[in-house]
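Everything on this sheet refers to the single structure shown next.
Protein chains in written order, with the working numbering: chain A, 3 to 508; chain B, 3 to 508.
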């Protein structure tokens, strides 16, 4: 590496270290807002987010920093693999913010903050009209933001929707997703009909027996220890919508929620968010040193969380592992419930209204609905005001259920308050993990590990194969690196077909 | 006001609004560290505090800002009362940081952050030697910081200890405190002996009966509602050491702790911290607009928290008010306990080791011990390493009790990890509130209000008389403004004598 490159690298690292600090603070404020912040303080705290976000923006808009970043990008062949990834990312980011003034950035961030506050309020009152105006503004600033970006080779032919999708899952646009979801519909719609026509009766009465917060706390602690979540570098709190928050290298927190009449909701929130947390906790420490620790895509992230939640968490072997403890912690709820009954209840296929509570089979339909609506929003073929109606129609069409109010319909998810293009990553995640689960199973016999509670072995394989290069490779290269194959939804569809044919005795 | 003054004022207000934002972020991070932050993340979060603290420091070291502040101070006669207070405070602060470089400031803040982490660790392990080195450093940077300050008319003849005390309670130095505490000793030592010799038996067995976290949560919510704490603008969390945190105008949080064998500890933490919170919540909104909302001294603050906690909270009328609810929430613990027994148990005088758990009578001795040790630390007549021994000796001398380990001795308080001079404000607070309680009682008959649960009336009087000018007046002027009298410890000593003579039938 020549002297100039070395100096530029030093300068860039200095600025990115400062940026990490701002991001740490922003993550903390966000975490606070979603867990404990009193209602009257939400707006003031939103202003604080905007303030620090603007400081961060000014930092990365600094001319010397940009110049150094662009220099590194041009000389990326001189860099090691980690720094090369960093330089490429800097270049991509630069393209996005080049024409964005700090004033504009502050204006945009205020729109998103207000939208979050309005969504919270609208959801509380189950009244979409309290959110509509903000959502319209979110759409407008999203479009304005995209129009300000400088196009490059990668993005020059992309539609608005393609570019949004690309922000979250590089290389996965409407062409790929349309094909993928059409294929899912082709295979899943007839299978869902068969399941719904099946005579198999799944007992679920006990799933809604009352449990206490104290019991749920114990269950949370237990499950965190089962999957080997590192309590020294993380903790949990309660929030309406469970999430995982990478605060800093040694701080990866999760949230969950306690419903007194649905103990499984907390359990599978903990395992899902716990999966996200493991991904962050057990990534290579070099990622932090080179500031590329947030390069992993959301699709990759969901692949991991959903593997722990569904592929492992709802497997026969996992239910076998936890069954005694579930009975011990919830003696009243589990009275007279067999291991088989618990397994089947946790895998009941039931068309329902709430995405986060959906079973892994019908889940894909919830995503398809959101994806199709987002395409229409961005194309301008749907009015924001009509969203509750369109939402209802889609749910009736795909799942045969109909929300009775906005809270259980269009207001259920927070995501749109910060933009569009996010949802498909949830489904893509299922497809990735079905592909690499096969490899893991060949290498270590997953069911055997699960039954023995040997999550060190599972986490170890994941660390070496799935986590290690996630921040260094684009999704298509990453999944090929793990599995030797190109992306396909078929492994996931095969898995669903096999598992649910057995459960529903088709 | 002339045009230049107007412009300077605008500039200063702009910078102070930014400073408010940094302080909001710092408060949030502190709150997080003391409530939920995982152990492995404490150091990283301390670094974040240093980072943002340094940004704040750079902001207020800006030459134009300082120049404008000094201009306002010189032209303070042109300003309204609020802005005048602000200008005077800016001038005082300027004197303190004039010779402090950002590098020094960062170095100091890192010492304090490390000391906090080390104290936490030392306390956990009950091993003072793990904290000694950091405490020595705290002493050194405290001295260095003081040596860098520019002296002015007010401070030119002050000793090191005087200046530290003055930072927390303006106008209250060693001369005043030595006299005050000597007088306290004169009156309290013989009274304590009489109490200890009294034949009166106070029943306390039930105070250590087991209660659950769920019950304590209910009690916390109940007490917050009794004193009319505004839940829209505040919330509570759990921490080892209870505290109140003014985050922002509409966010004043408290913390408490749950001990399963000491339900009163949580109760009186909530009332104490709740008192602090009321002071912040019901201050004039102009304080925020003029950035003087943190001008109230700690002595003033403790006067309010201790009035709610002790003067009101441990009164017969308050016990009468809450007794039915205490029985309802803790039916097992309160079985067979009369209202009188509860009142007496809450007022038992007992020489003990832990300051925060001490009764209001012996409390003053805990402060005197810390004050005397601090004077020796700052004078260099005691080695840091000898503190545990000296601590033990003082406790034996004044209270006749002796700590068995560092955790219940010298490591019990967090305060020294951030410096010295703070403790006396706790005692001064008791003396202030005994003075103004008389005025309030004449105006609204406090016992009658308490029995009727009419805290709106009490808070209303406090707001008009105690809270209103606290940020605008120095302590001596403030107490005179409320009571028409000069500061004296005698009202407090009279109150103790009268109350405890009755309880102990002297």
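Ideal Cβ placement from N, Cα and C applies to all residues, glycine included.
Distance between residue j and residue i (C-alpha atoms, nearest Å)
i, j, result
"residue 151 of chain A", "residue 297 of chain B", "47 Å"
"residue 225 of chain B", "residue 267 of chain B", "13 Å"
"residue 185 of chain A", "residue 236 of chain A", "39 Å"
"residue 234 of chain B", "residue 469 of chain B", "20 Å"
"residue 422 of chain A", "residue 384 of chain A", "14 Å"
"residue 166 of chain B", "residue 449 of chain B", "38 Å"
"residue 424 of chain B", "residue 173 of chain B", "14 Å"
"residue 1 of chain A", "residue 494 of chain B", "This structure gives no information on residue 1 of chain A, because the portion of chain A shown stretches from 3 to 508."
"residue 45 of chain A", "residue 115 of chain A", "8 Å"
"residue 136 of chain B", "residue 182 of chain B", "32 Å"
"residue 199 of chain B", "residue 300 of chain B", "35 Å"
"residue 358 of chain A", "residue 274 of chain A", "11 Å"
"residue 52 of chain A", "residue 429 of chain B", "41 Å"
"residue 485 of chain B", "residue 505 of chain B", "28 Å"
"residue 475 of chain A", "residue 483 of chain A", "9 Å"
"residue 408 of chain A", "residue 289 of chain B", "41 Å"
"residue 207 of chain B", "residue 335 of chain B", "9 Å"
"residue 65 of chain B", "residue 43 of chain A", "33 Å"
"residue 343 of chain A", "residue 47 of chain B", "46 Å"
"residue 312 of chain A", "residue 109 of chain B", "49 Å"
"residue 244 of chain B", "residue 36 of chain B", "9 Å"
"residue 293 of chain A", "residue 406 of chain B", "48 Å"
"residue 79 of chain A", "residue 168 of chain A", "25 Å"
"residue 149 of chain B", "residue 160 of chain B", "12 Å"
"residue 463 of chain A", "residue 256 of chain A", "22 Å"
"residue 348 of chain A", "residue 4 of chain A", "59 Å"
"residue 317 of chain A", "residue 264 of chain A", "19 Å"
"residue 477 of chain A", "residue 178 of chain A", "13 Å"
CB-CB length for residue i against residue j, believed under 8 Å
i, j, result
"residue 302 of chain B", "residue 434 of chain B", "7 Å"
"residue 361 of chain A", "residue 346 of chain A", "Contact flag wrong, Cβ pair sits at about 11 Å."
"residue 306 of chain B", "residue 277 of chain B", "5 Å"
"residue 377 of chain B", "residue 157 of chain B", "Not quite, the Cβ-Cβ distance comes to about 18 Å (not below 8 Å), so this is no contact."
"residue 258 of chain A", "residue 222 of chain A", "6 Å"
"residue 261 of chain A", "residue 315 of chain A", "Between residue 315 of chain A and residue 261 of chain A the Cβ distance is about 18 Å, and since that is not below 8 Å, they are no contact."
"residue 211 of chain A", "residue 413 of chain A", "Contact flag wrong, Cβ pair sits at about 28 Å."
"residue 364 of chain B", "residue 353 of chain B", "6 Å"
"residue 17 of chain A", "residue 67 of chain A", "5 Å"
"residue 147 of chain B", "residue 133 of chain B", "That belief does not hold up - the Cβ atoms of residue 147 of chain B and residue 133 of chain B are roughly 20 Å apart, past 8 Å."
"residue 61 of chain B", "residue 20 of chain B", "6 Å"
"residue 113 of chain B", "residue 143 of chain B", "5 Å"
"residue 153 of chain A", "residue 386 of chain A", "About 27 Å separates the two Cβ atoms, so there is no contact after all."
"residue 196 of chain A", "residue 401 of chain A", "With 8 Å as the limit, residue 196 of chain A and residue 401 of chain A do not qualify as a contact, their Cβ atoms being about 15 Å apart."
"residue 304 of chain A", "residue 431 of chain A", "3 Å"
"residue 99 of chain A", "residue 57 of chain A", "Contact flag wrong, Cβ pair sits at about 14 Å."
Bridge-paired residues (DSSP) for residue i
i, result
"residue 248 of chain B", "B:254"
"residue 240 of chain A", "A:258"
Contact with chain D by residue i, beta-carbon distance below 7 Å
i, result
"residue 50 of chain A", "Any reference to chain D falls outside this structure, whose protein chains are A and B."
Quiz item: Should the stretch 57 to 77 of chain A be called in touch with the stretch 90 to 99 of chain A, which here means at least 3 C-beta pairs below 8 Å?
Solution: yes
Quiz item: Below 8 Å, can you find three or more Cβ-Cβ pairs linking the stretch 387 to 394 of chain A to the stretch 430 to 448 of chain A?
Solution: no
Quiz item: Is the stretch 321 to 333 of chain B in contact with the stretch 281 to 293 of chain B, if contact means three or more CB pairs nearer than 8 Å?
Solution: no
Exercise. Mind listing, in chain order, the continuous alpha helix (DSSP H) runs of no fewer than 4 residues lying wholly within the stretch 44 to 88 of chain A?
Key: 44 to 62, 65 to 76
Quiz item: Touch check for the stretch 363 to 374 of chain B and the stretch 250 to 263 of chain B: three-plus C-beta pairs under 8 Å?
Solution: no
Self-check item: Runs of alpha helix (DSSP H) wholly within the stretch 159 to 198 of chain A (minimum 4 residues, chain order)
Solution: 162 to 170
Quiz prompt | Every unbroken alpha helix (DSSP H) within the stretch 396 to 462 of chain B, with a cutoff of 4 residues, ordered by chain | solution = 426 to 446, 448 to 453
Self-check item: Every unbroken alpha helix (DSSP H) within the stretch 292 to 379 of chain A, with a cutoff of 4 residues, ordered by chain
Solution: 300 to 308, 318 to 331, 341 to 348
Quiz item: Are at least three pairs of beta-carbons, each pair with one atom in the stretch 81 to 89 of chain A and one in the stretch 23 to 35 of chain A, less than 8 Å apart?
Solution: no
Quiz item: Enumerated in chain order, which unbroken segments of the beta strand (DSSP E) with a length of 3 residues or greater are wholly contained in the stretch 96 to 158 of chain B?
Solution: none
Quiz prompt | Stretch pair the stretch 453 to 465 of chain A + the stretch 327 to 334 of chain A: three plus CB contacts closer than 8 Å | solution = no
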